[in-house]
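Contents: one structure, followed by commentary.
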Ligand code: UDH
Ligand code: NGS
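In the numbering used here, the protein residues as written are 35 to 401.
This is how it looks when you write it as structure tokens:
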């Protein structure tokens, strides 16, 4: 009955009971959620700890250190605090490295090059701790754009080779190349054959790794600017365009000697290099003829970037000027299809995997 105090009291009593029940329900739900989130935090913390304790491969550890250090041109990676996520039991596989940039951020530009400082293989070894046996290297924190084999024709030039290794290894590493150095040593005392040794270097390097670019370099030539990248381009490249001994200019427009680069495809297109230039001169002109007769052109860096220094020396024994060279370069077009990588024959005497380079001694025969 309206206005009856016992009815009002009953209603109030029921409302109070409902409120108390709702309070209990609320407390219960809160406690359940709290306990569950506590369990989850413990599990997450344990998972993080075990991840940190796991031994990571050196490459990954170094990449992490490098990313957070002051590498020029590379922004430090700022880690955001991670929101708790479902714990993942198995360790994730190492992430694939990103490709290196087209221009390395590690380059410094012009370099001082001199040949009067005392040099030793031990010093060069100490200064290049990241080299692998046989003079191999690849960048740790990115995937190199090219796999480059550097081929050096060689005989009795140990002093020059030390300077080459001393200057070139740091440059090539700054250029972020995946590279290997192959010194192709002509065995015996017969007349020297530079181009045939280069063909041997191409063949032997490919037995070891899937190189797609080849640099052919004299042992006595040192670049004076690390922006002169030892890699391959859309056309065969001449790298030693501005040598000190020629007053820092090309001696003639068709000059292709000293240091050059050809991709595997470009090299095969010209059937490699001639095998029958014994003694000094003309083989580089023959290679130039091969390149242009196959419809390719020569690419070059600017005179400034292409500056290089040659170690002065006397003419080598058994490398006298080849009297047949003029006749041979006059007939490159007719001979190149049968004289080259398709007719190469030689005998490997030894392969030495040294700390700073791979030395392959070969018997290339005689004229
Ligand atoms: N090479 C050797 N040993 C030799 C001959 C040549 O290692 O006995 C290699 C070496 O890598 C050298 C390259 O082949 O850099 C080319 O040698 P080259 O003699 O054709 O060319 P280079 O310009 O000398 O070194 C040319 C003769 C210089 C005479 C100088 C007189 N002042
Ligand atoms: C040319 C040679 C090239 C040689 C160049 C530079 O005359 O093989 O000189 O030589 N060509 C012929 O002889 C046909 S250098 O001054 O570096 O010894 O590379």
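Backbone N, C-alpha and C define an ideal beta-carbon position, used for all residues, glycine too. These numbers were taken from a predicted model, which means no experiment stands behind them.
What does the Cβ neighbour count give for residue i, buried or exposed, with the cut at 16 atoms within 10 Å?
| i | result |
| --- | --- |
| residue 363 | buried |
| residue 334 | buried |
| residue 268 | exposed |
| residue 339 | buried |
| residue 142 | exposed |
| residue 183 | buried |
| residue 157 | exposed |
| residue 319 | buried |
| residue 226 | buried |
Going by alpha carbons, who is nearest to residue i out of the options?
| i | options | result |
| --- | --- | --- |
| residue 251 | 374, 317, 212 and 274 | 274 |
| residue 253 | 342, 58 and 246 | 342 |
| residue 400 | 391, 199, 48 and 381 | 381 |
| residue 148 | 158, 198, 179 and 156 | 198 |
| residue 359 | 368, 212, 314 and 206 | 314 |
| residue 178 | 152, 212 and 165 | 212 |
| residue 195 | 391, 398 and 377 | 391 |
| residue 300 | 231, 155 and 266 | 266 |
| residue 150 | 135, 200, 236 and 348 | 200 |
| residue 288 | 331, 261, 256 and 398 | 331 |
At a cut-off of 8 Å, is residue i close to ligand 2 when judged by its beta-carbon and the heavy atoms of the ligand?
| i | result |
| --- | --- |
| residue 146 | no |
| residue 291 | yes |
| residue 372 | no |
| residue 315 | yes |
| residue 355 | yes |
| residue 285 | yes |
| residue 280 | yes |
| residue 205 | no |
| residue 191 | no |
Spatial neighbours of residue i within its chain, please: CB distance less than 6 Å, with the 5 preceding and 5 following residues excluded, ordered by chain position.
| i | result |
| --- | --- |
| residue 229 | 307, 308, 311 and 317 |
| residue 186 | 217, 251 and 253 |
| residue 327 | 367 |
Taking only heavy atoms of ligand 1 into account, decide whether any of them is closer than 8 Å to the Cβ of residue i.
| i | result |
| --- | --- |
| residue 347 | yes |
| residue 351 | yes |
| residue 182 | no |
| residue 312 | no |
| residue 185 | no |
| residue 450 | Residue 450 is absent from the structure shown; the chain starts at 35 and stops at 401. |
| residue 179 | no |
Can you name, in chain order, every residue of its own chain whose Cβ lies under 7 Å from the Cβ of residue i, other than the five neighbours on each side?
| i | result |
| --- | --- |
| residue 384 | 395 |
| residue 297 | 246, 247 and 266 |
Excluding five sequence neighbours on each side, which residues of the same chain lie with their C-beta closer than 8 Å to the C-beta of residue i?
| i | result |
| --- | --- |
| residue 164 | 171, 174 and 207 |
| residue 259 | 143, 144, 145, 338, 339, 340 and 341 |
| residue 94 | Reliability of the predicted coordinates at residue 94 is poor, the pLDDT of 27 falling under 50, and no value is obtained from them. |
(message) Just to confirm the assignment: which complete alpha helix (DSSP H) runs, minimum length 4, are found wholly within the region 310-388?
(response) With a minimum length of 4 residues, the continuous alpha helix (DSSP H) runs that stay inside the region 310-388 are 317-327, 359-363 and 366-369.
(request) Taking only runs that begin and end inside the region 214-290, name each unbroken beta strand (DSSP E) of 3 or more residues, in chain order. (result) Taken in chain order, the complete beta strand (DSSP E) segments of 3 or more residues contained in the region 214-290 are 247-251 and 255-257.
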